[in-house]
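In what follows, a single structure is set out as structure tokens and then discussed.
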Amino acid sequence: MSSEGIFITGLGIISPLGRGLPSTIHALKNPVSGIHSADLFNVAVDQIMPVADVTVPFPTEPGVPRTHALALVAARDAMEGRKAPPDAIVIGVTTGGMPKSEQLLGSKIVSPQEYVYHGAGTVATYLAEHVSCTGPAFTLSTACSSGTAAIKIALEMLRRGKAKSVLVGGADALCRFTYFGFFSLQLIDPKGARPLDRDRAGISLGEGAAMLLLESAPTPPQGSIAQILGGGISCDAYHPTAPHPKGEGALKAMQDAIADAGIRAVDIGYINLHGTATLDNDASEATALRTLYLDRIPSVSSTKGMTGHSLGAAGAVECAISALSVSEELIPANTGCVNPDASLGLPVVLKPESRPVKIALSNSFGFGGNNAAVVIGSVDLPVPVRQRTCPMSLQVTGLACLTGSGGTDDSFQKFSQGVHVTGVLSDEEVSKDLPQRQVRRLKRTSRMALALATAARKDAGGSDCPSSVFFGTGWGPLTETYDFLTKLFGSDMKFSSPTDFINSVHNAPAGQVAMELKAHGANITATGGDYSFEQALFIASLLTSEKDNLLLLGADEMHPELSLLFDPSSAGDTTPSDGGGAIMAVATDSPEGPAITPVAYRMAPGNTGSAPMIDPGIIKDIDRRYGALFVGIPLAYEVAARAQVKSFLTYSKFSGPVVDYRKYTGQYATSAAVATVLAVKAIKRGSLPAILTGKQEVSLSGKGILVMGFGPYCTAIDVRNHNRGVHAP
Amino acid sequence: MEEVRPEKASIGKSSNGKASIGSSPIEKLIDELKKKVLDILNIQDVSLSDIDSNAPMVGNELGIDSIDILELVTVIEQDYGVRIDNKELGRKVFASFTSLAQYIADHRTS
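Protein sequences, first through last, are from chains A and B.
When we follow my numbering, the leftmost residue of the first sequence carries the number 282, and every step to the right adds one.
When we follow my numbering, the leftmost residue of the second sequence carries the number 932, and every step to the right adds one.
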């Protein structure tokens, strides 16, 4: 049993309410809406919609996008007075560097060096560099639930002993992409967001960042603000954008969070709603609450009438507000609502109230049916006693990959013959086994994800559907991103495609997969350049429990223009390539048969890849444990990465074959997904052919393959056939 | 709010309500819209002659949903200069191909 609590020991927030805790608390006590009419993007008069922008001045660096700058302000404030860096960073982001990239693309600037901050994952690495964090820096991109989902992942990282302190939060800045995207969906209220009002007519977009420093400790560390008691993540698996009409996914996320916290629903004194002020969201969330509580719903409010909807930041901002509700004994008002919609049946708080709140719940729901909820308790509550949990291994039940050579069998056959599987399949070939109706409005990345998911499930026997889906993508759906912006800029900002908008979000492919496989559990999309698949795997090992069925995916598309601008490795490749891999698995801490286990993820120490990057226990017996290393060397970091490999081999004294897998797969962010699938295939076959080892055939009997990534981060995945009685790493 | 006047569209409609290669301007517009919808929404398994001009556009064998309707809203504004900027109006206009054609015919600027 474990009796360590997870405490919020630092809190940084910058939002339309101001910067820092005193300003935010003052605004919550004296609510004034941050939503106002502003022509941020020089649009036509009839397109000017109210927004909630950050108006307080904050430091920025030249060339760094606004999202990164906002995130850093919140991170620095959360870390104020700390000397030790956090062990890890987990943040939710949707558009990342888009505020800058869209301007560059609109101006037809084609210098790749201008786009180094484009990736949503670059916000986390930017923070890591500034707060000297050398551990994992993970980025969740599950649309509007990102910030809340990040907190649940950080919670599990701490509970499962992978970190003692985690800087967690969310950040998003206003940009044309989301402004016109939501405009095209007719989801913006021209009068400003009025959550829960009978006349509500949509959202107001906002921006901001909030960061929480979480620490695990048996008693509250000095300066603790509140504690995170539990979290729940679910997926509607119902529609790409609309919430389930009965709020089934929302209900499941809340129920899971409450169970995870070890409390009863009636123990909650305040609920910070997702409350976007769209007709559908507020109705669906209210239905879920009525189902959960019948007629005893605690005080609720949506604070989006003050802050606007800051997408990936929203969950973190609202968890911060919920923590302040608990620490300041304050129930924030549902600003913007004049005539509460009686049909919702919610006890909405219209004016701020001063009274003790021991436990608060914060809800966030997003596109792709992605839902998350977090339970926050006051510092003086007893620390919950919990069963000790550990990160899971993934026992493989089915496999699939897509490469320039085709599907799994074609790819593995060629790879085994030492033949490259580089290249780009046509969209039609990618989705040849999927019904046309299903893919008619999906472009490349979503088609890849669906094709991979379907094939992996078929390989697993086709019976069980996974409950949860973990998807890693370096760049998300690039075709939709490109097409959306092309239409927008090509029409002088008059027209954009709502279909491209909703399918452009990083988590759209995973949402499609969840709908196809009816996967109602956690639905996570992680992004971090060349290490995105590894992030998804690590998160899967943290969010699943014994015997959970899950699907792990990684996919990236080669876009003829954007890949060349965003991904320097892809741009330098002689043969343009893309693809991905999928693994159906059962989570377990004692696998039988082929399984994959994440064993390392950290920033390359001084880019030398030496001593501390991987568990000394694994290195000690490396020749006995591993028959081969598959190493990923991103072209953009080739010199440094090769030096890291050399250093690692010297240090570990590994004497077996080293396969430079990107030579075979081509250079794309999630080539590690393909390498992992090929490694499992090789393990199942029991040997690695001479053509790959460069010497003779290598037996994999009793030995695994270590799939490693090098470059700015060093990662390692243990792939092996576990036999009864043989100790797993 | 503008009212949709579907009765106008009945002129020249074939008796079974299905598309016929009509010669009246409204019939031509209906055919043009059907082609456009199949093309924009990438619906490949339905032929023009299978589409009933008076049947509901959403929730039938075409498989059109609310996202598709929003996509069509953009295209119709772009191609005909006709703006359908709220869901209530959208529900009336997109009741059928006939009502859509009629609304466009009554409001088009291009």
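Backbone N, C-alpha and C define an ideal beta-carbon position, used for all residues, glycine too.
Asked: Helix, strand or coil at H307 of chain A [DSSP, three-state]; Found: helix
Asked: Residue burial classification, M360 of chain A (beta-carbon count within 10 angstroms, cutoff 16); Found: buried
Asked: Cβ distance (whole Å) where G685 of chain A is taken to contact G704 of chain A below 8 angstroms; Found: 2 angstroms
Asked: L715 of chain A at chain B interface by Cβ criterion, 9 angstroms; Found: no
Asked: Proximity test, Cβ basis, 9 angstroms: K775 of chain A and chain B; Found: yes
Asked: Assigned secondary structure, M535 of chain A (DSSP; H/G/I helix, E/B strand, else coil); Found: helix
Asked: Own chain partners of H411 of chain A with C-beta closer than 8 angstroms, once the 5 adjacent residues on each side are dropped; Found: L353, A356, R357
Asked: Per-residue contacts from R718 of chain A into chain B (C-beta, under 9 angstroms); Found: I974, Q975, D976, G994
Asked: Local conformation of H701 of chain A per DSSP, three classes; Found: coil
Asked: Boundaries of the alpha helix (DSSP H) in which H1018 of chain A is found, first to last residue; Found: Because residue 1018 of chain A is not part of the residues shown, which for chain A are 282 to 1010, the question remains open.
Asked: T856 of chain A, buried or exposed, once every other Cβ within 10 Å from all chains shown has been counted against 16; Found: exposed
Asked: Same chain, Cβ closer than 7 angstroms to T1034 of chain A, five either side skipped, listed in chain order; Found: What is shown of chain A runs 282 to 1010, which leaves residue 1034 of chain A out entirely.
Asked: Rounded Cβ spacing between I998 of chain A and L818 of chain A (contact assumed at less than 8 angstroms); Found: 6 angstroms
Asked: Contact under 9 angstroms by Cβ, K632 of chain A with T568 of chain A; Found: no
Asked: Three-pair Cβ contact test at 8 angstroms for the region 547-561 of chain A versus the region 448-456 of chain A; Found: no
Asked: Length of the line joining the Cα atoms of L683 of chain A and D859 of chain A; Found: 8 angstroms
Asked: Limits of the beta strand (DSSP E) - the one that G658 of chain A falls within; Found: 651-658
Asked: N- and C-terminal bounds of the alpha helix (DSSP H) containing Q1031 of chain A; Found: For chain A, the structure presents residues 282 to 1010; residue 1031 of chain A sits outside this window and is missing.
Asked: N562 of chain A versus S674 of chain A - alpha carbon distance; Found: 36 angstroms
Asked: Under 7 angstroms by beta carbon: chain B residues contacting L466 of chain A; Found: L1001
Asked: Under the three-state DSSP convention, the category V958 of chain A falls into; Found: helix
Asked: Segment contact flag, the region 425-445 of chain A with the region 334-341 of chain A, C-beta cutoff 8 angstroms, min 3 pairs; Found: no
Asked: Pair within 9 angstroms by beta-carbon distance, R738 of chain A and P875 of chain A; Found: no
Asked: Collapsed DSSP secondary structure at L592 of chain A in the structure displayed; Found: helix
Asked: Interfacial residues, the region 1006-1017 of chain B to chain A, with Cβ spacing under 8 angstroms; Found: E1008, Q1009, D1016, N1017
Asked: CB-CB length for I1021 of chain B against V1004 of chain B, believed under 8 angstroms; Found: At residue 1021 of chain B the sequence reads Gly, which differs from the Ile that was named. At roughly 7 angstroms, the Cβ-Cβ gap stays under 8 angstroms, so G1021 of chain B and V1004 of chain B are in contact.
Asked: Min CB distance S891 of chain A to chain B below 9 angstroms; Found: Because the pLDDT of S891 of chain A is 47, which lies under 50, any placement of that residue in the model is unreliable, and the number read from its coordinates should be weighed accordingly. By this cut-off, S891 of chain A is not an interface position.
Asked: L495 of chain A to K639 of chain A span [Cα, whole Å]; Found: 19 angstroms
Asked: Where Y551 of chain A sits in the DSSP three-state scheme; Found: strand
Asked: Interfacial residues, the region 761-789 of chain A to chain B, with Cβ spacing under 8 angstroms; Found: S772, K775, F776, S777, S778, P779, T780, I783
Asked: Chain B contacts from the region 943-962 of chain A (Cβ-Cβ distance under 9 angstroms); Found: none
Asked: Through-space distance from D773 of chain A to G428 of chain A, alpha-carbon basis; Found: 33 angstroms
Asked: Positions along the region 515-542 of chain A whose CB lies within less than 9 angstroms of some CB in chain B; Found: H520, P521, T522, A523
Asked: Cβ pair F461 of chain A, S933 of chain A closer than 9 angstroms; Found: no
Asked: Rounded separation between P747 of chain A and S392 of chain A - CA only; Found: 42 angstroms
Asked: Residues that R722 of chain A contacts on chain B, provided the C-beta gap is smaller than 9 angstroms; Found: L972, N973, I998, D999, E1002
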